[in-house]
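Okay, so here's the structure we're looking at.
In the working numbering, the protein residues as written are 321 to 704.
Listed below in structure tokens is the structure:
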């Protein structure tokens, strides 16, 4: 089968999808996965991603990635990989569009402090929160809460996992959500594609942002086999070029090699597993969409370099420290005086618990709004 010529038998299609919680008309279900993509694109949580941190806080510069640009890069990688494997590229792209909707402001620093604050109140984890966003917190339709997305997209959100990102908090799933876990341990292949695309995009664009910030150098990247081999090949073609001029060709070559490896290894695993249906995929304990052991080792090596050189950079640590303090102070202020919350949130506290409602409110904030809310509550002589 040529790349992308047709959908494989184990791909998700309109015919084998488990559908939606709330039945809708033929106008929606004629092309359900495209309808899901449009609903995600039009929701408020998606628009807020443009003002949420990826690594560097959004007001540190005009060219650093945000959660939105990261998401769009994951979508591109996911659709490319899905097409090459004969999978449903629309579904894979929709999963990628939604995968970070539940992320807190200020990146992983925001997630960590919310997880600490919610430890005794049901926990917080952004994959679980992404599902909560599309199932409950967004409510643009009069007949039901949430976006009423297809089962397989929602299932893939709750089963999203990479080596830096492990879902927890599933103990607080409701009756509408438990079937997503009960159907099997693994996500459909389109969900696994989005997982791997997230890891690819996350690593490669953080290199570019780190170089732009000065937290990474050419010398530090030479510690990575993946970067070193690609850089040697590109430098041989352009021996007089400075790093800035060949940075993009090096990253493009790394991306092609990573993608080619993922396609080859995934095809091998799918054939070896002998899966015929989506349910066969769900019952597999190990991911079928994956890197080869050699590429996995190279990606993990790159991840360790990024952690040491970029994520532990003094400027990133300083931003993270400020973000944690800001979110903690806001959270504690709302607990001490719930009337500080907007009325629509305060009204939900009796039913859902004050801490959960506060968590929803803060997790939905952009970096900018979070800072402004903190200023209005804590700034002396500010009566906003």
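C-beta atoms are modelled at their ideal positions from N, C-alpha and C, and glycine is treated no differently.
The structure presented is a predicted model; accordingly, all values stated were derived computationally and were not measured.
query                                                                                                : result
Residue 578: first and last residue of the uninterrupted alpha helix (DSSP H) it sits in             : 563-593
Pick from 405, 688, 473 that is closest to residue 589, judged by C-alpha positions                  : 405
Residue nearest to residue 572 in terms of C-alpha spacing, selected from 336, 393, 337              : 393
Test item: CB-CB of residue 541 and residue 551 under 9 Å                                            : yes
Contact set for residue 336: own chain, Cβ-Cβ below 7 Å, skip 5 residues either direction            : 598
Burial state of residue 636 (16 or more Cβ within 10 Å)                                              : buried
Meets three-Cβ-pair contact criterion under 8 Å: the segment 502-517 and the segment 604-614         : yes
Distance between beta carbons of residue 424 and residue 582, contact taken as under 8 Å             : In fact, because the Cβ distance is near 29 Å, the residues do not count as touching under 8 Å.
Residues bridged to residue 373 (per DSSP)                                                           : 386
Pair within 9 Å by beta-carbon distance, residue 353 and residue 334                                 : yes
Length of the line joining the Cα atoms of residue 470 and residue 341                               : 8 Å
Closest Cα partner of residue 440 within the set 693, 685, 679, 692                                  : 679
Inter-stretch contact at 8 Å, needing at least 3 Cβ pairs: the segment 461-478 / the segment 560-574 : no
As assigned by DSSP and simplified to three states, the class of residue 323                         : With a pLDDT of only 38 at residue 323, under the threshold of 50, the placement of this residue in the model should not be trusted; the figure read from the coordinates follows. Residue 323: coil per DSSP, three-state reduction.
CB of residue 697 within 9 Å of CB of residue 674, strictly                                          : no
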